[in-house]
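Residue numbers (our numbering): 91 to 462. Notes follow the structure.
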Amino acid sequence: MSTKACHPPELAVIVPTYQEVEMVEEVVRRVGSVLAGVDWELIFVDDDSPDGTAERVRTIARRDPRVRLVQRIGRRGLSSACIEGMMATAAPFLAVIDGDLQHDETLLPKMLEVIKREDLDIVVGSRYVAGGGVGDWSERRQSMSRLATRIGQHLIHADLKDPMSGFFLVRAGVIQSSVRRLSGVGFKILLDIFSAAERPLRFRELPFTFRARETGRSKLDNAVLWEYLLMLTQKLIGPVIPVRFIAFSAIGGLGVFVHMAVLWPMLTLLGTGAFLVSQTTATLVAMTSNFFLNNLLTYRDMRLQGRQLISGWLSFVAACSVGALANVGIANYLFQGGHSGWFISALAGILVGAVWNYAVTAVYTWKRPRAA
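Now the structure itself:
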């Protein structure tokens, strides 16, 4: 079969990847074999994998122009990768499928046929309709998935059995009309699409069984639940407050408990005469805790590693120290000047300090690399 694209693609298959170098050629082979007779293109969106995934895609694309690459530098995230891939094509139909072959690519032709024949907005590959399944998942993972599914169903107000699925085929117009309302947070892009749609989506679910991962590294880690909760929070409060600020503030609140957990035993052991030393130590421990939690969760897509951790920690402590001074200064000004009571004054100081810390550390601690 000729590899030259004679017609514009009818279907673009989006494959978000991170460290999937061993799977790329097999994904291309399998997708190409099941879409015979369809004008298609395959768009790999790679989050700058260190294993050479992007270069492997380029090698294949040189001999098959239907294969394309979007290589993202300085950012990570499955949902945002899917969005960028879907916006990088002119195809009227878009499919999203994992790069680890856990989704059943043989379902793609039927999904395309069904969405056109029944004039639907989206067709979802579902694990939770008759004929579908989750494969060899552990009981714990199944329980978490069921809980997340129930929460998701309440959010989108639709009888979608598998709102957590990452395998679907959608009309491009649905994405284009709602892209500015998509949060792009975390891994659950389907839930994001349903909740951001201007009107209830016409959909159908087709069963598939989730396969075991063959090789490579899973894109999921212990931060998945955290990101899911953040996405739900963003959907509930709207786009006015950045989701990173919500996460940053939540971790800052946890830092208060860390501070007290260090300060109290130190004062108990050393006495109140050592308050300055104890307070300084507790402050540094709380700042350090906040830094590592933010690096792990809030900025997981720009996570600092190696020597960057040291410079990042120093800039974080410096920024938060100034933020603490701003907190105290604003609160004292409002209270001493009689502008407000102690509670409102303290709250205003905390808010100013939090905004300062978030804004400064976003620029200087977790800064994105400059484009070449």
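Virtual Cβ for every residue (Gly too), placed ideally from N, Cα, C. Bear in mind the structure is a predicted one, so any value in this text is a computation, not a measurement.
Pick from the options that is closest to residue i, judged by C-alpha positions
i	options	result
Arg162	Arg153, Phe183 and Ile173	Ile173
Gly127	Ala414, Val186, Leu281 and Glu203	Glu203
Met321	Ala102, Asp282 and Val375	Asp282
Arg235	Met254, Leu159, Ser379 and His244	At residue 235 the sequence reads Ser, which differs from the Arg that was named. Of Met254, Leu159, Ser379 and His244, the residue nearest in Cα terms is Met254.
Gly221	Glu295, Arg146, Phe284 and Ala287	Glu295
Pro332	Leu125, Ala452 and Pro182	Ala452
Ala102	Phe134, Arg120 and Val114	Phe134
Thr388	Gln232, Gln243, Arg165 and Arg397	Arg165
Asp252	Gly263, Ala262 and Arg240	Arg240
Tyr218	Ala238, Val412, Val442 and Met176	Ala238
Leu415	His349, Asp391 and Leu441	Leu441
Thr107	Leu125, Ala171 and Thr149	Ala171
Arg390	Ile205, Thr455, Val330 and Arg158	Thr455
Straight-line Cα distance separating residue j from residue i
i	j	result
Ala178	Leu132	11 Å
His193	Leu394	31 Å
Arg460	Ser401	Low confidence applies to Arg460: its pLDDT is 46, below 50, so where it sits in the model is not reliable, and the reading given next is rough at best. Those two C-alpha atoms are separated by around 17 Å.
Ile434	Phe381	27 Å
Glu288	His247	13 Å
Thr196	Glu145	26 Å
Trp130	Leu191	18 Å
Glu110	Arg292	33 Å
Leu374	Asp136	37 Å
Trp446	Gly342	12 Å
Thr378	His244	37 Å
Ala376	Leu250	43 Å
Pro182	Gln266	11 Å
Pro98	Ser285	30 Å
Val412	Ala372	17 Å
Ala231	Leu280	The amino acid at residue 231 is misidentified as Ala; the sequence shows Arg. So the two alpha carbons sit approximately 19 Å from each other.
Sheet register partners of residue i (DSSP bridge)
i	result
His136	The sequence shown places Asp at residue 136, rather than the His named in the question. Bridge partners of Asp136: Thr107 and Gln161.
Ser216	Pro297
Gly223	Thr299
Ala416	Per DSSP, none; premise fails for Ala416.
Leu101	Trp130 and Phe183
The ligand PLP heavy atom lying under 8 Å from the CB of residue i
i	result
Leu424	Ligands in the displayed structure: none, and consequently the ligand PLP is not present.
message = Below 8 Å, how does it come out for the stretch 335-343 and the stretch 353-363: are there three or more Cβ pairs, yes or no?
response = no
query = On the three-pair Cβ rule with 8 Å, is the stretch 140-149 touching the stretch 201-217?
reply = no
message = Quick check on the DSSP output: what are the complete alpha helix (DSSP H) runs of length 4 or more inside the stretch 246-299, in order along the chain?
response = 262-268 and 279-286
inquiry  = Below 8 Å, how does it come out for the stretch 243-260 and the stretch 180-195: are there three or more Cβ pairs, yes or no?
reply    = yes
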